[in-house]
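For reference, the structure is listed below as structure tokens.
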Amino acid sequence: MNVANLQVEGLLMAVAAVNNALVRKGLLSIDDIDRALKTAEASFAGDERMFEDMSPANRDAVCFPLRLLQLANTSQSEAGVPPFSELATQVGITKQPYNDQM
2 MNVANLQVEG
12 LLMAVAAVNN
22 ALVRKGLLSI
32 DDIDRALKTA
42 EASFAGDERM
52 FEDMSPANRD
62 AVCFPLRLLQ
72 LANTSQSEAG
82 VPPFSELATQ
92 VGITKQPYND
102 QM
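Positions 2 to 103 (the numbering used here) are the ones given, in order, by the sequence shown.
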């Protein structure tokens, strides 16, 4: 595996752990984090100039971190967040196809 991919994996899991700690401490709710991540993804999806020349695979690559963090947020428990491999699998299973107008 590419070292950069491992670094991104580590960074995503670090952010997921911080989000989990914020929820456990009562500083943010799961819904607060979910809204923030959905807003960020919507801003990417709404930027047609960014996506007009991208393949669906590249679009998925751009949105993957946000989708993984959304799943980590909604799947968290007192014990923490699920492992990266489980979250990544769920991102692939739950992603919606793009319409041709994007």
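Just so you know, even glycine gets a beta-carbon here, dropped at the ideal spot from N, CA and C.
In the three-state reduction of the DSSP assignment, G11 falls in the helix class, which pools H, G and I.
Taken atom to atom, the span from the alpha-carbon of D35 to that of V82 is near 14 Å.
Relative to the Cα of V9, the nearest Cα in the group G27, T40, K26 and L69 belongs to L69.
According to the DSSP assignment, S44 belongs to the alpha helix (DSSP H) that extends over I31 to A46.
Scanning its chain for C-beta atoms nearer than 7 Å, with the 5 sequence neighbours on each side dropped, one finds around A89 the residues L69, in chain order. The distance from the Cβ of A58 to that of N20 is about 27 Å, inconsistent with a contact at the 8 Å cut-off. Of all alpha-carbon atoms in L67, I31 and M14, the one lying nearest the alpha-carbon of A46 is that of L67.
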